[in-house]
Every structure is written in structure tokens, then in C-alpha cells.
Amino acid sequence: MALLEIKGLTQYFGGLCALSDFNITLEEQEMVALIGPNGAGKTTVFNLVSGFYTPSKGEIIFNGQNIAGLKPHKVTSLGIARTFQNIRLWHEMSVLDNIKIAQHYNLGYGLKDLFLRTKRYFLNEQRIEKEALRILEVMNLREYAQERPSNLPYGLQRKVEIARALSVHPKLLLLDEPAAGLNSADVKELIQLIKWIYDEFKITIWMIEHQMTVVMNLCQRIKVIDFGVTIAEGTPEEIQKNPKVIKAYLGDGTI
Amino acid sequence: MRKLTVPLLVIGLFALLIGLAYYDKIDLYTQSVLMFMGINIIFGSSLNIVNGYMGEFSCGHAGFMAVGAYVSSILSVLFFAQDRVFGAPLLPPQYAIYGFPIIVIIAFIAAALAGLLVALPSFKTRGDYLAIITIAANYIIISTIINIDAIGGPRGFMGMKSVIFAMEDVVYLPWMLIWVYIFTILSIWAIYRFVNSTYGKGIVAIHQDEVAAEIMSVNTNKMKLVAFMFSSGLAGVAGALFAHVLGYINPNSFNILKSTEALVMVYLGGMGSLSGSILAAILFTFLLELLRPLQIIKWVVIPLLLIILMQFRPEGIMGNKELSDIFPRLKKFYQFK
Amino acid sequence: MLESIIQNIFNALQWGSYYSLIALGYCLVYGVLLLINFAHGDIFMVGAYIAFFVSTLFLGHYHFFPYALSKPVVLALTIPITMFLTSCVGVFIERVAYRPLRRKGANRLYVVITALMAGLILENGNLALLGASRKKFPELLDKVVYHFGNITLTNIKIIVILSAFLVFWLLHFIVTRTKIGMAMRAISYDRFAVPLMGIPVDTIIVFTFVLGSSMAAIAGILFAMSYPILDPYMGAMVGWKAFIAAVVGGIGDIRGAFVGGFLLGFIEILVVAFFPSTFRDLIAFTILLIILSFKPTGIFGVAKTTKI
Numbered sequence: 001m002a003l004l005e006i007k008g009l010t011q012y013f014g015g016l017c018a019l020s021d022f023n024i025t026l027e028e029q030e031m032v033a034l035i036g037p038n039g040a041g042k043t044t045v046f047n048l049v050s051g052f053y054t055p056s057k058g059e060i061i062f063n064g065q066n067i068a069g070l071k072p073h074k075v076t077s078l079g080i081a082r083t084f085q086n087i088r089l090w091h092e093m094s095v096l097d098n099i100k101i102a103q104h105y106n107l108g109y110g111l112k113d114l115f116l117r118t119k120r121y122f123l124n125e126q127r128i129e130k131e132a133l134r135i136l137e138v139m140n141l142r143e144y145a146q147e148r149p150s151n152l153p154y155g156l157q158r159k160v161e162i163a164r165a166l167s168v169h170p171k172l173l174l175l176d177e178p179a180a181g182l183n184s185a186d187v188k189e190l191i192q193l194i195k196w197i198y199d200e201f202k203i204t205i206w207m208i209e210h211q212m213t214v215v216m217n218l219c220q221r222i223k224v225i226d227f228g229v230t231i232a233e234g235t236p237e238e239i240q241k242n243p244k245v246i247k248a249y250l251g252d253g254t255i
Numbered sequence: 001m002r003k004l005t006v007p008l009l010v011i012g013l014f015a016l017l018i019g020l021a022y023y024d025k026i027d028l029y030t031q032s033v034l035m036f037m038g039i040n041i042i043f044g045s046s047l048n049i050v051n052g053y054m055g056e057f058s059c060g061h062a063g064f065m066a067v068g069a070y071v072s073s074i075l076s077v078l079f080f081a082q083d084r085v086f087g088a089p090l091l092p093p094q095y096a097i098y099g100f101p102i103i104v105i106i107a108f109i110a111a112a113l114a115g116l117l118v119a120l121p122s123f124k125t126r127g128d129y130l131a132i133i134t135i136a137a138n139y140i141i142i143s144t145i146i147n148i149d150a151i152g153g154p155r156g157f158m159g160m161k162s163v164i165f166a167m168e169d170v171v172y173l174p175w176m177l178i179w180v181y182i183f184t185i186l187s188i189w190a191i192y193r194f195v196n197s198t199y200g201k202g203i204v205a206i207h208q209d210e211v212a213a214e215i216m217s218v219n220t221n222k223m224k225l226v227a228f229m230f231s232s233g234l235a236g237v238a239g240a241l242f243a244h245v246l247g248y249i250n251p252n253s254f255n256i257l258k259s260t261e262a263l264v265m266v267y268l269g270g271m272g273s274l275s276g277s278i279l280a281a282i283l284f285t286f287l288l289e290l291l292r293p294l295q296i297i298k299w300v301v302i303p304l305l306l307i308i309l310m311q312f313r314p315e316g317i318m319g320n321k322e323l324s325d326i327f328p329r330l331k332k333f334y335q336f337k
Numbered sequence: 001m002l003e004s005i006i007q008n009i010f011n012a013l014q015w016g017s018y019y020s021l022i023a024l025g026y027c028l029v030y031g032v033l034l035l036i037n038f039a040h041g042d043i044f045m046v047g048a049y050i051a052f053f054v055s056t057l058f059l060g061h062y063h064f065f066p067y068a069l070s071k072p073v074v075l076a077l078t079i080p081i082t083m084f085l086t087s088c089v090g091v092f093i094e095r096v097a098y099r100p101l102r103r104k105g106a107n108r109l110y111v112v113i114t115a116l117m118a119g120l121i122l123e124n125g126n127l128a129l130l131g132a133s134r135k136k137f138p139e140l141l142d143k144v145v146y147h148f149g150n151i152t153l154t155n156i157k158i159i160v161i162l163s164a165f166l167v168f169w170l171l172h173f174i175v176t177r178t179k180i181g182m183a184m185r186a187i188s189y190d191r192f193a194v195p196l197m198g199i200p201v202d203t204i205i206v207f208t209f210v211l212g213s214s215m216a217a218i219a220g221i222l223f224a225m226s227y228p229i230l231d232p233y234m235g236a237m238v239g240w241k242a243f244i245a246a247v248v249g250g251i252g253d254i255r256g257a258f259v260g261g262f263l264l265g266f267i268e269i270l271v272v273a274f275f276p277s278t279f280r281d282l283i284a285f286t287i288l289l290i291i292l293s294f295k296p297t298g299i300f301g302v303a304k305t306t307k308i
């Protein structure tokens, strides 16, 4: 069974059609890219999948359950995590706290335990702390646990954001332009990191990316949209040669 | 052993205070100043949950205090005192000692429910628009009270003093001082536990980036509900104590000016600093008493001092730091973050 | 029946005029600085007091200026002088209290607290300086009452309503048609791009405060002419309400503030027509709360979408 199946997803903002009849099927353990020129509606797709918008039409079926219109925190607890184009960490608290707060989907205790400091509270807080430290350890971020993200270089902030997304144990990881704002050395490292995450965690990764090096190196399949409409789909090689894609990116040359 | 240092210290100070009051070593005036200090600590630090930690701008905190004050006063007069409107007490007045804490808890619940008035709109509204809703809520609560004639309307409500006397008749102790400090300690304890748990830190995440909080599985609506209700509930506790210390309340003592006092305490102490709020509440109460001889000029001098403070230290006394951040050696004894 | 409705409409228009004029001041400052200028209601009060002192001065109530001028002359002098002096107060507060904080990049909420404090200083400073005795504003205009059937209109009522619309029209012209008005709108769109375009931000901000405060001054004069008893706390309640009205209309758009002011005026007059007057605040605020809950950015406000 497919992990994520999107059928006829359509989104209007007022009268503007931001996305029309978008379809995609993601299998388990796959790495897929969504590309397209600026304003093509890529982030809209991610916002719909992660629950920020309720789609005007269409279904989003994740693990056999229609998640269209669910609240973002519900979607996340079902196993879809995402990162943002512009890094959205909580900049005024430590990296460790950033990861710990992401465990809200599975706190294991309630307000009563919190105020009475029951055994359950301590056990779960310990579990959360251990879990967060483990993720930081795995991602080689252990030494920055007590730093504030705003004090870290941009590349590391990106890494922390990915670590935070992974900490909710997603089955599907959405990366919104992970290479945006990184220099070429950082990009190389990022490619390694994503590859490693893919192998290590055995999850499905779906990314929006502009940098072709990243997409061509990583993804088995690419989907191209422009003005909310799907214009091409295929392997990296096929996409590179597709005249429609070239036209969308470069114009049709009839100036 | 070290884990117990702070609780022991608190209990020791508490016992010392009660002892001094019992043997008349501190006069009634100082006692009342100390009681208002405790009330202000609850009032200020409870607002800090919403304004400091969660980063919303609630400026109608006194409305919830009014709810707590009226609910508790009505209940305690109804149950334990002879009243013109409510008639004979429903229970023998000597039970007041046991009844009072229950009444304060009911005041907490009532004020927390009143907090829904602000909490529910906060799902959709934020920032300055929410600030307006809080102001409107403050006015709505006050004018509702003014329009209920049975509880005195604009004339106010009294009779709580006799409940206190009833407690003193059973055991002679400075009861209000005891209650105020018990609830102050409990409130600080509760706030401390809340904001230091992963659960409670969700509201800090909402402050710093609400979108990220929602996407990283924080149920933002629920957290807002919890934070607003917790905060306004504690304001209700402060109100209940306030009403019983004064023995007389009227709706206009809970107007926007009172809300402003809470705001001053939060921002004087620093947003998101619990020890800052406590310090600011102590300082503010002292300042009010110190400047009492100036009469009306007091209300020129205090704002002026605050404006000057803001110019030199715009983040408040503590910023968002805690005492233990500034004096790391304190960390040995307690962890405030 | 019809007559009482028309009578109430005129009363509401008059009452709404004060709210609108004050709401416009809030709206201007909010639009440019994103600052809730909580001192603005008290600027209105200061305006009324300044008008009192200026007019009594020209009416010859003090020894050092023993010349009594005729009433129309006094009125003609009082309006511009009051506007000027009140703007000075407004600009003084901005220069001394808000600007340094803005320069330091302090949290916006701290500036709001400073504004609250400035308002308190104005109220209580006034009380401390002038004492608790209320001032009676002199009659600068002979009251004329017109009767249309059972409807009574005073000339003051008509002047108040007309001046509110005139001021709004003038302000609308300034904001949409003049260079400085466009600069004001530009600041509200993008604070950071504006200085890069060579627009002197601080000058624009000062101009905003001048505009806002002089409108509060006009409101103060008009209010004092119809309700001649002045007291230091007169601005607080009216100010808070006008602010809420501005938000309900949609703060950040002067049309919104203007409409919001009248809306509040109508609600209040309507409530008083049917209920005991103590219900006025309760019902008015409840209606405003409901409006805000359903349309959080106000009637004219455009919902801001957060970019994700």
C-alpha cells in the first residue's frame, strides 16, 4: 500500500487557483522531489499536507487515513514531519529544548501529573530528555545541546531543524528547500546528511528544492508543477530533457 | 539534602513571619503591607504566564481578579456570616477555617472559567487585537457586577471581615497572613512547575514561533486554553485574598488601572522571568507604601520612575533571566529553568 | 416614533464624532508605528484643558492679560492655539518616551507600557497641579436651539458633526493625496524599506503625532463646548472606548477608525434608549467583543496571512 496518496488536490485562495488537480503517490522508503519555478504552488502542497490549509477539493490519504483538513499537530502525530523554507526554530531556547518540545505529541503525562509531580511525570520527562539527547547524538549535535539556535551558523541551524523534525519519528519527512541559503560546501554536507537519514531511518522523504545538484543526487522521482498544474513527472534524466520543464524554467524563447 | 534547602527555607521564613505576627512583633500596618505583597506576587506572576511566557498582551487581568474576589466573598458571607441580603449563615461560622481554602479554590475555578472569555477568541485572534478583547473583557466583567444589585452593584460588597473574626474566635492566629502566604507559595510553586515542564514550555514555543509550535505537534489551542485559564484562575485567587484582606470590595477597584498594576509588575520584572515578577511585586508594593505620603503625586512619580527605568533597562529588571542565571551559585540549591 | 428615531440618530452622530476623532488619532499612530498609543485618550483630556486655559486667557480671566476679547474671536484663536499646544504635548511624549525605546529596539510591548505610564502621568499630574476642583469651560458660542417638530438640534451639535466629517475628509486627503501622507502609508507597509528610499522616518513619525494630537485637541474643544465640565479622568474612559472602536472598525485604515467611532456612538445611544444607562458599557463592550471574535481584524481590516 502506498504511504501517501494525494488525489485531485485543489486549493483556491479567494479567486486564485493556487493548485489544481494535484495527484501523487509516495511509496514507503522513497525519495521524491517536487520542483517548479517560484510561485508554482510547491509550498502550498506542503502546507496542505501538513495541515495548515484545508484543501478546497481533493483527498490526502496517509497510511489509509484521509488527513485533509486535520490540524497540523494531529498530522504530525500521525507521522508527517516537515521543515521550513526559512528556518523556524524557537530561537530563544536551547537546542535541547527545541527537540524536547517537539515531543508534545507523546508527552505521556497530563496537567495533574505536572502539578503533582507524580512518578509518571518524572519517568516521562526522563524519557523525553533521553530521547532528545539520543537524536542530538545521532545527528552529531550533542555538543550544541545547550546553545541557542540563533548563535549557531546557518548550516547547523538547518541541521537542528531536521533533527527536530526527525525527533517525532515520522514516516514521511517533508523538506521545504533544505538547501536554501547554504553555500556549496554546506550543500555537499546536506546531501550526505539526507542520504544518511534516508538509509538510517528508513523513511520516505519528499522535498521541494531549487538546487538541481541536490535533486539529481538524491531523488529517484521528480514531479514538476507550474502555476499549480503538474507539467511533468519522471526520473531525473527524463526531467532534464523534458521540453515542457525547460520552457517553464527558461521561457519558450520566442522573445 | 540540597533538594530540600529551598522548601525548608520557605517553611522557616513562613513560620518566622507568622510567629512575629502572632506575638505582635510586627504591627498591623506592616502586616497589611506584607499581605498585599503576597497578593501582588500572585497577581503579577500569574499575568506573566500569558504576557511573559506566552507573549500575548493581556491587559484586562483585573477582571479575573474581580471574579475571584466577588465569588469568594459571596460564598464566604453566604456560608459563614450574617448578611442583610443573604440572611443567616448556612454553616456555623467556626467552620470558616476549613471552608476558606475551599472557597479560594472555587474562586480559582470561577475565574478560570471567566478566562474562557479571552481564551476562546485567542484561537483566532492574536497580538493587539487580542489585547483589545482582554480590555473589553475587563470592562464586561466590571459592568456585569455593577448591574447586579443583589451583590451591591456599584456600592460594593462587604461582610468578609466577620468571617475572618470567626476564624480568629476558634484559634487566635493571624489567619489572613497565613492564608495569603500559603496561597502565594502554592501559586509560585504551581507556576514554577508549569513553566519548567516540557508540557508548559509549549507556551514559550508559541511565543517564539506559533507556526513551528503547531507543526511540531504542540496543540496550540489547547495550550492557549490552559495558559489563559491557569493565569486567570490565579488572578482569581489573588482576588479572593484581596477581598478578604480588605473586607470590602467594589467593582471599580478592579478597573483598568488595577490591570495596569499587573502589567507594570510583569514588565518591571521582565517578561518570562518568574523571579523577576516576584521581585517586581515586592518592589512595587514597597514603592507604593513608601510614596504614600505624596498622595496623588505618587501616581506621577511611579509612572515616571518606570519610564526612566524603561529607558535604561528596556527589558525590565531581570530580562528573561532567572535569579539562578545571574548568580550561578544558586543553582546548587535550586534550578529555576 | 420617527421623530425620536431621528433625534437619536443625531445624538448618536454627535456622540460618535468624539469617538471617531479620537479613534483617528489612535489609528494614525498605530498605522505608522504599530504602537497602541495608550496616552492618546489623555491627550484628548489635555486638549480640553489647554482649550480651557487659552479661552479663559483671552476672555480676560487672568490679571496679566486683562483684555477681554469677543467670543467669536476667542473661539477663532482658541482652536489653532490649542491644536498647536496639544501637538507639542504629543510630540514631546514621542520624543522623550517612545523614540529612545524605538532606537534601542526594545520589545514593542515595553513601548506600550511606556505609553500607559505617560497617560497616567498626564492624568494624575493634572490632578496634582490643578487640584480636584472641576473646571467649567466658558461658553464660547451662544447656544441656538432649532426645532423641527419634536426634534431639537443645537448649533453645537451640528458643528460637532460637521467638523468630524470635515476633519476626516481633510485627513483622508492628507493620507491619500499628499507626499507626506504617502510616506506614512509606506511606513506602515514596510518599516525597513522606507529609510532606504530616503524618506526621513523620524520626521514622518513626528508629523503623525502632530496630526493625531491636533485631532484629539479638536475633539477636546468640541467635547468641552457641549459638556463644559472638565475633569482629569475624562480622557481615560473615552480614550479606551475610542481605541476599541478603532480596532472594531479596523485599525490601520482611517476609514475603519472613523466608522468604528460612529458605530460605538450608535450602539451606546441605542442601548441607552432601551435599557437603563448602567447597561451601556456592558452591552456596548459585549457587542464589540462579539464583532471582534468573528472578524478579528475589524470591519475594514484585511486579514494578514502569515507566510509559512
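Protein chains in written order, with my numbering: chain A, 1 to 255; chain B, 1 to 337; chain C, 1 to 308. Beta carbons are placed, not taken as given, at the ideal position from N, Cα and C, and that holds for glycine.
Problem - Under 9 Å from the C-beta of A:Met93: neighbouring residues of chain B - result: For this step, residue 93 of chain A is matched to residue 93 along the first sequence. Simply Lys201, Val204, Ala205, Gln208.
Handout entry: Closer than 7 Å at the beta carbon, the chain B residues around C:Trp240
Key = Indexing the third sequence from 1 puts residue 240 of chain C at position 240. Ordered by position in chain B, the residues that pass the 7 Å Cβ test against C:Trp240 are Ile135, Ile256.
Exercise for the section: Can you grab the Cα-Cα spacing for the pair A:Gln11 / A:Thr230, in whole Å? Expected result: If you number the first sequence from 1, residue 11 of chain A lands on position 11. If you number the first sequence from 1, residue 230 of chain A lands on position 230. Roughly 14 Å between the two C-alpha positions.
Exercise for the section: Measure the Cβ-Cβ separation of B:Gly159 and B:Ala81 and say whether it is below 8 Å. Expected result: Walking along the second sequence from the start, residue 159 of chain B turns up at place 159. Walking along the second sequence from the start, residue 81 of chain B turns up at place 81. Yes.
Exercise for the section: Please classify C:Ala39: does DSSP put it in a helix, a strand, or coil? Expected result: Sequence index remark: in the third sequence, residue 39 of chain C carries index 39 (1-based). Three-state DSSP puts C:Ala39 in coil, outside helix and strand.
Problem - Sub-8 Å separation of B:Ile176 and B:Ile164 beta-carbons - result: For the purposes of this step, residue 176 of chain B is taken as residue 176 along the second sequence, with counting starting at 1. For the purposes of this step, residue 164 of chain B is taken as residue 164 along the second sequence, with counting starting at 1. Position check: residue 176 of chain B holds Met in this sequence, whereas Ile was assumed. The answer is yes: Cβ separation under 8 Å.
Exercise for the section: On the DSSP bridge assignment, give the partners of C:His147 in chain order. Expected result: For the purposes of this step, residue 147 of chain C is taken as the residue at position 147 of the third sequence. C:Thr152.
Practice task
Output the distance between the C-alpha atoms of B:Glu322 and B:Leu279, rounded to the nearest integer angstrom.
Solution key: Residue 322 of chain B sits at position 322 when you count from the first residue of the second sequence. Residue 279 of chain B sits at position 279 when you count from the first residue of the second sequence. Looking at the two C-alpha atoms, the distance is approximately 11 Å.
Problem - Distance between beta carbons of B:Ile142 and B:Ala66, contact taken as under 8 Å - result: Numbered from its first residue, the second sequence carries residue 66 of chain B at position 66. Numbered from its first residue, the second sequence carries residue 142 of chain B at position 142. That belief holds up - the Cβ atoms of B:Ala66 and B:Ile142 are roughly 6 Å apart, short of 8 Å.
Problem - Euclidean distance between Cα positions of B:Ser197 and B:Ala131 - result: Within the second sequence, numbered from 1, the residue matching residue 197 of chain B stands at position 197. Within the second sequence, numbered from 1, the residue matching residue 131 of chain B stands at position 131. For B:Ser197 and B:Ala131, the distance between alpha carbons rounds to 27 Å.
Handout entry: Buried or exposed by the 16-neighbour rule on C-beta atoms within 10 Å, applied to A:Gln220
Key = The sequence position of residue 220 of chain A within the first sequence is 220, counting from 1. A:Gln220 should be labelled exposed.
Handout entry: DSSP three-state assignment for A:Gly228, whether helix, strand or coil
Key = Working through the first sequence from its first residue, we reach residue 228 of chain A at position 228. In this structure, A:Gly228 counts as coil in the three-state DSSP scheme.
Problem - Alpha-carbon to alpha-carbon, B:Leu246 and B:Gly12 - result: Counting from one through the second sequence, the residue named residue 12 of chain B turns up at place 12. Counting from one through the second sequence, the residue named residue 246 of chain B turns up at place 246. Going by the C-alpha atoms only, they are around 27 Å apart.
Exercise for the section: Using a Cβ-Cβ cut-off of less than 7 Å, list which residues of the stretch 66-84 of chain A approach chain B; keep chain order. Expected result: Pro72, His73, Thr76, Ser77, Arg82
Exercise for the section: Answer yes or no: does any C-beta atom of chain C fall closer than 8 Å to that of B:Ile146? Expected result: In the second sequence, counting from the first residue as 1, residue 146 of chain B sits at position 146. Yes, contact with chain C.
Problem - Three-state class that DSSP yields for A:Ile278 in the structure shown - result: Lying before the first or after the last residue shown, residue 278 of chain A is absent from chain A, which here runs from 1 to 255.
Problem - Meets three-Cβ-pair contact criterion under 8 Å: the stretch 43-52 of chain C and the stretch 258-265 of chain C - result: no
Exercise for the section: Would you give the residue range spanned by the beta strand (DSSP E) that A:Tyr12 belongs to? Expected result: Translated into the one-based positions of the first sequence, residue 12 of chain A becomes position 12. Element bounds for A:Tyr12: 4-13.
Practice task
Helix, strand or coil for A:Glu233, going by three-state DSSP, please let me know.
Solution key: Reading the first sequence from its first residue, position 233 is the one you call residue 233 of chain A. Residue state, collapsed to three classes: strand.
Handout entry: Three-way DSSP call (helix, strand, coil) for B:Gly87 in this model
Key = The residue given as residue 87 of chain B occupies position 87 in the second sequence. Reduced to three states, the DSSP call for B:Gly87 is strand.
Problem - Cβ-Cβ distance between B:Ile302 and B:Leu291 below 8 Å - result: As a first step, residue 302 of chain B is located in the second sequence; it is residue number 302 there, counting from the start. As a first step, residue 291 of chain B is located in the second sequence; it is residue number 291 there, counting from the start. Yes, these two residues count as a Cβ contact at 8 Å.
Problem - Three-state secondary structure assigned by DSSP to A:Arg88 - result: On the first sequence, residue 88 of chain A is found 88 positions in, with the first residue counted as 1. In the structure shown, A:Arg88 sits in coil (DSSP, three-state: anything other than H, G, I, E or B).
Problem - Cβ-based burial, C:Leu2 [other Cβ within 10 Å; buried from 16] - result: Taking the first residue of the third sequence as position 1, residue 2 of chain C is located at position 2. Counting Cβ neighbours within 10 Å, C:Leu2 comes out exposed, since fewer than 16 surround it.
Handout entry: N-terminal and C-terminal residue of the beta strand (DSSP E) that A:Ile293 is part of
Key = In the structure as shown, chain A starts at 1 and stops at 255, and residue 293 of chain A therefore has no counterpart that could be examined.
Problem - Sufficient close CB pairs (3 or more, under 8 Å) joining the stretch 26-33 of chain A to the stretch 196-216 of chain A - result: yes
Handout entry: Test: A:Ala40 CB closer than 8 Å to a CB of chain B
Key = Start at 1 with the first residue of the first sequence, and residue 40 of chain A comes out as number 40. For A:Ala40, the answer is no, since every Cβ of chain B falls outside 8 Å of its Cβ.
Handout entry: B:Met271 at chain A interface by Cβ criterion, 8 Å
Key = Position 271 of the second sequence, counted from the first residue, corresponds to residue 271 of chain B. No, B:Met271 lies away from the interface with chain A (no Cβ there is under 8 Å from its Cβ).
Handout entry: Burial state of C:His63 (16 or more Cβ within 10 Å)
Key = Working through the third sequence from its first residue, we reach residue 63 of chain C at position 63. Exposed: under 16 other Cβ atoms inside 10 Å.
Problem - Exposure of C:Tyr67, with buried meaning 16 or more beta-carbon neighbours within 10 Å - result: Position 67 of the third sequence, counted from the start, is the residue given in the question as residue 67 of chain C. Exposed, by the Cβ-count rule.
Practice task
Tell whether a beta-carbon distance below 8 Å holds between A:Leu89 and A:Asn98.
Solution key: The count along the first sequence starts at 1 and reaches residue 89 of chain A at position 89. The count along the first sequence starts at 1 and reaches residue 98 of chain A at position 98. Going by C-beta atoms, A:Leu89 is nearer than 8 Å to A:Asn98.
Exercise for the section: From the DSSP output, in three-state form, read off A:Ala18 for me. Expected result: Indexing the first sequence from 1 puts residue 18 of chain A at position 18. Strand.
Exercise for the section: Would you list the one or two residues that DSSP bridges to A:Ala68? Expected result: In the first sequence, the residue the question calls residue 68 of chain A occupies position 68. For A:Ala68, which the question treats as bridged, DSSP gives no partner whatsoever.
Practice task
Would you decide whether C:Ala12 is buried or exposed? Buried here means 16 or more other CB atoms lie within 10 Å of its CB.
Solution key: On the third sequence, residue 12 of chain C is found 12 positions in, with the first residue counted as 1. With 16 or more Cβ atoms within 10 Å of its Cβ, C:Ala12 is classed as buried.
Practice task
Look up B:Tyr248 in the DSSP assignment and say whether it is helix, strand or coil.
Solution key: Sequence index remark: in the second sequence, residue 248 of chain B carries index 248 (1-based). Of the three classes helix, strand and coil, the one that applies to B:Tyr248 here is strand, per DSSP.
Practice task
Count the other C-beta atoms from every protein chain shown that fall within 10 angstroms of the C-beta of C:Val74, then say buried if there are 16 or more, exposed otherwise.
Solution key: The residue labelled residue 74 of chain C in the question sits at position 74 within the third sequence. Classification of C:Val74: buried, given that the 10 Å Cβ count is 16 or more.
Handout entry: Contact list for C:Lys135 against chain B, beta-carbon separation under 8 Å
Key = Counted from its first residue, the third sequence places residue 135 of chain C at position 135. Those within 8 Å of C:Lys135 in chain B number zero; the least Cβ separation is about 17 Å.
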